[in-house]
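S.K.: I am attaching a structure below and will ask some questions about it afterwards.
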Amino acid sequence: MKYARQSVKDYWVFEHKKALGLSFLIFSASYSIGITFLLIINYFFLPNLFTAFTVVLLLFLIAALVMVGGFINAHNKVVKIMTPKEHRAHSKHVGIFLILFFIGLLLCMVPLIFYVYPGDIMFLLSIGGVLLLLYIIAAFIFNYKYYELAFASIFMWAVFVVSVFLITPIYFSNAALFEVISFLITSVTIVTVFGISGIMLLASSAEEIVRKSNLAKF
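Position one of the sequence shown corresponds to residue 0 (numbering that gives the first Met the number 0), numbered consecutively onward.
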């Protein structure tokens, strides 16, 4: 954010790290609840795909609304302390960010559209791509690197690559077992990565404010 004062940039980093951290934790919790609900329904009751799909969709819609609301709130808070010139420049950069992210998101969804690899671990490839995309675009547009996003992306891709080599042979001998293992690996990885990354982002945002406050005293 070369177009804004350092104090504005520091506040932008704090608010958006906090929003990202909360979003990741909410997504991790929603995913966990959704998966747990599906497992309970399938194990203890007669499977009802419509009911299960409705509940899971509702969970993710609520999570999505909370996440979007968090980023809108962060954006509004930062804009309030900007000058008109900074606001105009920031709005332009946010617009470019959203356009690039939307295009990149579509590209990251290509593996899921074609679904050339059997099993749910293909989601790790796409989600890892989205996280890396966020890291690159934020660094390019706003001149700030969210290393937590890069680490999360690399970890997801590492799990994907290792899983392809280790569990693919199972597919040819027992396809049902392969699907179960693939589902478990994907679910555990998503919940773990988003949960840990969310905590790291929140902790980092707090440390950022404390460090700036301490520097301001001298």
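The beta carbon of each residue, even a glycine, is placed where N, CA and C say it ideally should be.
Going by beta carbon distance, what residues of the same chain come within less than 8 Å of Ile-95, once the five residues before and after it are set aside?
M.R.: Mapped onto the sequence shown, residue 95 falls at position 96. Same-chain partners within the cutoff: Ile-140.
S.K.: Give a yes or no on whether the C-beta atoms belonging to Ala-157 and Ser-196 are separated by under 8 Å.
M.R.: Counting from 1 along the sequence shown, the entry for residue 157 is found at position 158. Counting from 1 along the sequence shown, the entry for residue 196 is found at position 197. No, the pair does not count as a contact, with Cβ atoms beyond the cut-off.
S.K.: When you compare only the Cα positions, how much space is there between Lys-216 and Ile-98?
M.R.: Sequence index remark: in the sequence shown, residue 216 carries index 217 (1-based). Sequence index remark: in the sequence shown, residue 98 carries index 99 (1-based). In this predicted model, Lys-216 has a pLDDT of only 47, less than 50, meaning its place in the structure is not dependable; the value taken from the coordinates is given anyway. For Lys-216 and Ile-98, the distance between alpha carbons rounds to 40 Å.
S.K.: Does the Cβ of Thr-185 have 16 or more other Cβ atoms within 10 Å, making it buried, or fewer, making it exposed?
M.R.: Residue numbering aside, residue 185 sits at position 186 when the sequence shown is read from its first letter. Its Cβ being crowded by 16 or more others within 10 Å, Thr-185 is buried.
S.K.: Do the region 56-70 and the region 24-36 meet, that is, are 3 or more Cβ pairs less than 8 Å apart?
M.R.: The region 56-70, when compared against the region 24-36, does touch it at the 8 Å Cβ threshold.
S.K.: Any idea what DSSP makes of Tyr-30, helix, strand or coil?
M.R.: The sequence position of residue 30 within the sequence shown is 31, counting from 1. Tyr-30: helix per DSSP, three-state reduction.
S.K.: Report yes or no: do three or more beta-carbon pairs, one from the region 3-11 and one from the region 170-177, lie closer than 8 Å?
M.R.: Judged by Cβ distances under 8 Å, the region 3-11 makes no contact with the region 170-177, as fewer than three pairs qualify.
S.K.: Report the rounded CA-to-CA distance for Ser-162 versus Phe-182, giving the unit in angstroms.
M.R.: The sequence position of residue 162 within the sequence shown is 163, counting from 1. The sequence position of residue 182 within the sequence shown is 183, counting from 1. Rounded to the nearest angstrom, the two C-alpha atoms are 11 Å apart.
S.K.: Helix, strand or coil, according to DSSP, for Ile-166 in the structure here?
M.R.: Here residue 166 corresponds to residue number 167 of the sequence shown, with the count starting at 1. Reduced to three states, the DSSP call for Ile-166 is helix.
S.K.: Grab the span of the alpha helix (DSSP H) containing Met-121 for me, first residue to last.
M.R.: Here residue 121 corresponds to residue number 122 of the sequence shown, with the count starting at 1. Met-121 -> alpha helix (DSSP H) spans 121-141.
S.K.: Give me the Cβ distance between Gly-103 and Ile-136, rounded to the nearest whole Å; I'm assuming they're in contact under 8 Å.
M.R.: Within the sequence shown, numbered from 1, the residue matching residue 103 stands at position 104. Within the sequence shown, numbered from 1, the residue matching residue 136 stands at position 137. That pair is a contact at about 7 Å.
S.K.: In terms of alpha-carbon separation, which member of Leu-148, Met-155 and Lys-144 lies closest to Ser-125?
M.R.: The sequence position of residue 125 within the sequence shown is 126, counting from 1. Out of Leu-148, Met-155 and Lys-144, Met-155 has the C-alpha closest to the C-alpha of Ser-125.
S.K.: For a test of the three-state rule: what should DSSP assign to Thr-82, helix, strand or coil?
M.R.: On the sequence shown, residue 82 is found 83 positions in, with the first residue counted as 1. Reduced to three states, the DSSP call for Thr-82 is coil.
S.K.: Answer with buried or exposed for Thr-188, where buried requires no fewer than 16 other C-beta atoms within 10 angstroms of its C-beta.
M.R.: Counting from one through the sequence shown, the residue named residue 188 turns up at place 189. Burial call: buried.
S.K.: For Asn-72, which of helix, strand or coil comes out of DSSP?
M.R.: Residue numbering aside, residue 72 sits at position 73 when the sequence shown is read from its first letter. The answer is helix: DSSP assigns Asn-72 an H, G or I state.
S.K.: Is Lys-144 helix, strand or coil when you go by DSSP?
M.R.: Stepping through the sequence shown from its first residue, residue 144 is reached at position 145. Coil.
S.K.: With burial defined as no fewer than 16 other Cβ atoms inside 10 Å of the residue's Cβ, what is the status of Gly-20: buried or exposed?
M.R.: Sequence index remark: in the sequence shown, residue 20 carries index 21 (1-based). It is buried - the Cβ of Gly-20 has at least 16 other Cβ atoms within 10 Å.
S.K.: Let's test the definition: count the other Cβ atoms within 10 Å of the Cβ of Tyr-134 and tell me whether it reaches 16, buried, or not, exposed.
M.R.: By 1-based counting over the sequence shown, the position of residue 134 is 135. Looking at its Cβ environment, which holds 16 or more other Cβ atoms inside 10 Å, Tyr-134 is buried.
S.K.: As a quick exercise: from Met-0, Lys-1 and Leu-24, pick the residue whose alpha carbon is nearest that of Val-192.
M.R.: Counted from its first residue, the sequence shown places residue 192 at position 193. The candidate whose alpha carbon is nearest that of Val-192 is Leu-24.
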